[in-house]
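Structure first, then comments.
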Amino acid sequence: MKFYQKLDGGVHVSAREYDIEAATAVTEGQLVKLSGGWAVPAAANETGAILGIAAENHSGAPDALDPRADGKKLLVIDDPAVVMQCAAPTVTQSGEGSATTLTAASADLAVFADGDFTGGYVKLVSKAEESTNADPIGKVRRIAGFAASGRTFTLESGGAPCAGDVYAVFPPIGFAKGGLGAGRDALVLTAAANLPLKVVGYDRGLGKINLIAKKHLFAVDA
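Taking the working numbering, I'd label the letters of the sequence shown as residues 16 to 237.
Quick look at the structure:
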């Protein structure tokens with residue numbers, strides 16, 4: 016995750032040091048929480064309150080060029096009003112779609128509920144080599160519905176997705192499901208945990224989604 020701005024549009028946020036065990040590995044941009052008083056990476060399916068975004072790397076190993084790499088303090092952007100930004104998750108079309116449907120190849124999408132993505136958007140980011148999809152790369156289409164059992168998005172009418180076409184998914188405002196990925200630094204659609212983050216906006220041109228803490232150590236616990 017990268018700091019984007021505060022919810023009110025401000026760009027000045029608090030960043031403070033927290034205790035961390037010397038051997039704990041954390042990377043800049045990773046979501047962290049407190050556990051037993053120590054700063055630790057958030058879990059991939061985190062549902063508890065987060066502390067913020069790591070503002071530096073802490074490899075947990077000695078580094079002659081960085082004495083903080085295995086130090087006892089970690090700098091964290093801990094402002095509960097921080098808007099974070101990460102790449103939008105992607106899905107790949109399975110088989111042949113239609114002018115109004117996109118079916119995700121990954122079985123992971125079946126763990127979501129009907130309607131979870133309704134009101135969001137998809138953006139065509141790449142086409143398979145033999146794709147006949149009439150939409151140009153970069154075309155954005157609104158999601159009118161989602162059926163979990165078939166992993167199918169109903170879209171406003173457009174080009175028919177072909178097998179292997181890749182789309183970025185921009186979930187609807189307020190969406191708070193998914194996972195945090197291996198690096199704990201991006202929203203992924205491989206699980207449907209009740210994440211402590213929620214979507215508050217997008218930059219569809221750059222393929223980014225904006226999120227804010229839904230559960231934060233210093234703020235609301237929704």
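Ideal Cβ placement from N, Cα and C applies to all residues, glycine included.
According to DSSP, Phe185 shares a beta bridge with Tyr136. Residue environment analysis places Val97 among the buried positions, since at least 16 neighbouring C-beta atoms fall within 10 angstroms of its C-beta. Checking the DSSP bridge columns, you'll see Leu90 partnered with Glu32. Under DSSP, no beta-bridge partner is assigned to Thr205.
Under the three-state reduction of DSSP, Val26 is assigned to coil, being neither helix nor strand.
Inter-segment contact for the stretch 18-27 and the stretch 153-166 is absent: fewer than three beta-carbon pairs are separated by less than 8 Å. Excluding the 5 residues flanking it on each side, Thr105 has same chain C-beta neighbours closer than 7 Å at Val140, Val181, Tyr182, Ala183, Val184, in chain order. Thr62 is positioned such that its CB atom lies no closer than 7 Å to that of Asp123.
Excluding five sequence positions before and after Gly135, the CB atoms of its chain that fall closer than 6 Å to its own CB belong to Ile158, Phe185, Pro186, Pro187, given in chain order.
The beta-carbon separation of Ala207 and Lys192, rounded to 5 Å, stays under the 8 Å limit for a contact. Of the candidates Val215, Ala234, Met16, Met16 places its Cα closest to the Cα of Cys101. In terms of Cα proximity to Ser121, the closest of Asp131, Phe127, Thr107 is Thr107. It is roughly 9 Å from the alpha-carbon of Thr133 to the alpha-carbon of Leu170.
In the structure shown, Ala69 falls within a strand segment according to DSSP collapsed to helix, strand and coil. Annotated as proximal: Gly75 and Thr39, with beta-carbon spacing under 7 Å. Shown here, Asp218 sits in a strand according to DSSP, grouped into three states. Excluding its 5 nearest sequence neighbours in each direction, Lys154 has C-beta neighbours in its own chain below 8 Å: Lys138, Leu139, Gly173, Gly174, listed in chain order.
Here the stretch 76-91 lies against the stretch 44-64, with 3 or more beta-carbon pairs under 8 Å apart.
Just so you know, the alpha carbons of Val215 and Lys229 end up roughly 11 Å apart. Residue state for Ala120 is assigned as coil, using DSSP reduced to three classes.
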